[in-house]
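The next block holds one structure in the form of structure tokens; read it before the comments.
Protein chains in written order, with my numbering: chain P, 54 to 247; chain S, 75 to 540.
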């Protein structure tokens, strides 16, 4: 995983609550056997009409959204299916971070393991972000801060281990493998066997 | 004497390989890993790249369910029905299982089916186990007092390679269900009412324990329906303490312990309950005696209403957007809605008791003109048992389709989908926008409500068809 230390980008705002992973990447695109290329179909049914033409009123189809790497989403973003294709699709589309007042557990886990920063902020900060689409934010992952365009610094909480893995680009498989002896010992010594 | 503990805490602490610290999560052992074709290919690729074997093939249960066609075998022997992508995914799963020494419950095994249907029916799902799968409805297995949750593909790779996950301890939420379910109100109605009450994020960060007399008197299939939809309330998992009902369900199943091992297991399972005086991080109480059959009206499973109540109103933008997508108006009952498709199946309601409930209503009746009804058994074993009991003939005589086992229209990735604008009454678990086809409108309901709606041609109260 590529280390993620600092993110500096403009925001795009999707204020709808409870955006589920089916909307992020629909099931019909899950027949892939690789991680790549899912960005083309991220938010597909919000972006395109049935005939394949663009829905011009959808925010991601508007010119000012081009190059925006930070998604400001409504409460409870990423609920529903555990498909890791959702963060893969967002990363492949070009997003580097998602900010909301609440992010669903499995999605957040999946996102952080792939280098997509998932940040929860309080309602006041969220309101400001919703009201200022296109704001240029500077996120410092190590310091766990978001700097607004006027210099205001907002702190956020992130699990220390997840942050360490993000900033150092650490793959958690390696960390687990270092515990092979403990795993072996657990299997041999437990009071019952599955 | 040790501190009183919850059911969750007992199962959690029994699986800690390395304790969590402020800096690092716990190394957490997994007793059963169920895998399917859709969320595993990239995980097997990681194992290949790192030249790692599957650590415990004996604790890994692979099957095919998500992208498999449900049309009769003769028409899909080359898997063309599901599309080339799905066919390729199935072939890759078969190859991965061969290469990594896994015993795939695939075509011809007689035991293939939806991951969360076959685990219990084989007796592989047991109290006190930790169970994961690359599928969010893994919470189903919690009905047995297992700690079971959905994981992403990266974590599927972790479990394949190490049989462990890195986990932070979640919080606990007790949901106490008092009273008694009224006649004609089912487990599906109960869980929809619970999600309606606590919301689609009401369980985020928590493991739910369902408690109370209503749960104790439920059969295992009903308990599975309840736990299945824990994720729809945002919960990590849902659990129910094992009891005699659990033990009787598992007795004699092929992968349940046998002989002396069975006796030892039962003794251990009987300890798996929340101790008196143990505390939960949160508690919610619901009175079941107030409930009626429930249906969804919006685009998430928390937007529910009683079958005879009007669709509520709200100024909230997301709420309005959902009603607009569903082409519904506040103030009108859901029973006004004409139905195009009725889907019975899924890991929520694709078991034998669900098919029985449908057959009871369809017996001697016909699916209304213009309605297409599909009944998709959750597994090959459910299909076989239903056919032995003649339920398939009642279903087809009524004009409904009787299909091969699989996830089918619940996720709509095998070609079983609704067209844009069509309204489907579905016994599945998600009414998200586009879940059952682009522009498709989904109303979640119990099997009885689904069958009644098929006969009526509009969303209908099953109690008028008893």
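Glycine included, each C-beta is placed from N, C-alpha and C at the ideal position.
TODO: Output the residue ranges of the alpha helix (DSSP H) runs that lie fully inside the stretch 133-187 of chain P and measure 4 residues or longer, sorted by chain position.
DONE: 138-146, 158-166, 176-184
TODO: State yes or no: is the C-beta of residue 330(S) within less than 9 angstroms of the C-beta of residue 197(S)?
DONE: yes
Open item on the list: For the alpha helix (DSSP H) containing residue 470(S), name the first residue and the last one.
Closed with: 465-471
Open item on the list: Does any residue of chain S have a CB that is nearer than 9 angstroms to the CB of residue 243(P)?
Closed with: yes
Open item on the list: With the cut-off set at 9 angstroms, would you say residue 204(S) and residue 176(S) are in Cβ contact?
Closed with: no
Open item on the list: Along the chain, where does the alpha helix (DSSP H) containing residue 158(S) start, and where does it finish?
Closed with: 158-173
Open item on the list: Measuring only the C-alpha atoms, how far is residue 140(P) from residue 295(S)?
Closed with: 33 angstroms
Open item on the list: Quick test of your reading: residue 155(P) and residue 172(P), contact by CB under 8 angstroms. State the CB separation rounded to the nearest angstrom.
Closed with: Contact flag wrong, Cβ pair sits at about 11 angstroms.
Task: Residues that residue 237(S) contacts on chain P, provided the C-beta gap is smaller than 7 angstroms - done: 236
TODO: Using alpha carbons as the reference points, say which of 305(S), 320(S), 307(S) lies closest to residue 195(S).
DONE: 320(S)
TODO: May I ask which residues mark the beginning and end of the alpha helix (DSSP H) holding residue 193(P)?
DONE: It is not in any alpha helix (DSSP H) - residue 193(P) instead sits in the beta strand (DSSP E) that spans 189-193.
TODO: Report yes or no: is there a C-beta of chain S within less than 9 angstroms of the C-beta of residue 137(P)?
DONE: yes
Task: Those runs of the beta strand (DSSP E) which lie wholly inside the stretch 237-281 of chain S and span at least 3 residues - done: 238-241, 245-252
Task: Beta-bridge pairing of residue 107(S) - partner residues as DSSP gives them - done: 134(S), 206(S)
- [ ] Measure the alpha-carbon distance for residue 260(S) versus residue 283(S) and round it to whole angstroms.
- [x] 19 angstroms
TODO: Please confirm if the stretch 205-218 of chain S is in contact with the stretch 300-314 of chain S, defined as three or more CB-CB distances below 8 angstroms between the two stretches.
DONE: yes
Task: Residues sharing a beta bridge with residue 312(S), DSSP - done: 282(S)
Task: residue 98(P) - DSSP class collapsed to helix/strand/coil - done: helix
Task: Residues near residue 350(S) by beta carbon distance below 7 angstroms, same chain, minus five either side - done: 78
Task: Per DSSP, cross-strand counterpart(s) of residue 421(S) - done: DSSP output for residue 421(S) lists no bridge partner at all.
- [ ] Return no unless some Cβ of chain S is closer than 9 angstroms to the Cβ of residue 75(P).
- [x] yes
Open item on the list: Output needed in chain order: residues of the stretch 152-165 of chain P with a Cβ under 7 angstroms from some Cβ in chain S.
Closed with: 155, 157, 158, 159, 162, 163
- [ ] Classify residue 63(P) as helix, strand or coil using the three-state DSSP reduction.
- [x] strand
TODO: Quick one: grab the DSSP three-state call for residue 407(S).
DONE: strand
TODO: Scan the stretch 357-383 of chain S for residues whose Cβ lies nearer than 7 angstroms to a Cβ of chain P and list them as they occur along the chain.
DONE: 374
- [ ] Look up residue 476(S) in the DSSP assignment and give the residues it is bridged to.
- [x] 449(S)
Open item on the list: For a contact defined as C-beta to C-beta under 9 angstroms, what are the partners of residue 176(P) on chain S?
Closed with: Simply none; closest approach about 14 angstroms.
Task: Residues of its chain near residue 75(P), where Cβ-Cβ distance is below 7 angstroms and the 5 sequence neighbours each way are ignored - done: 133, 134
- [ ] Determine which residues of the stretch 333-346 of chain S have a Cβ less than 8 angstroms from any Cβ of chain A, and write them out in chain order.
- [x] Chain labels in this structure do not include chain A; the protein chains are P and S.
Open item on the list: Please confirm whether residue 160(S) has its beta-carbon closer than 9 angstroms to some beta-carbon of chain P.
Closed with: yes
- [ ] Show which residues of chain S have a CB atom less than 7 angstroms away from the CB atom of residue 62(P).
- [x] Per Cβ cutoff of 7 angstroms: no residues; residue 62(P) is ~24 angstroms from chain S at best.
TODO: Give the DSSP-derived three-state secondary structure of residue 121(P) in the structure shown.
DONE: coil
Open item on the list: Quick check on DSSP: helix, strand or coil for residue 91(S)?
Closed with: strand
Open item on the list: I'd like the list of long-range same chain contacts for residue 328(S), defined as Cβ closer than 7 angstroms, with 5 residues on each side in sequence excluded.
Closed with: 196, 197
Task: Within-9 angstroms CB hit, residue 172(S) to chain P - done: no
Task: With 16 other Cβ atoms within 10 Å as the buried cut-off, status of residue 119(P) - done: exposed
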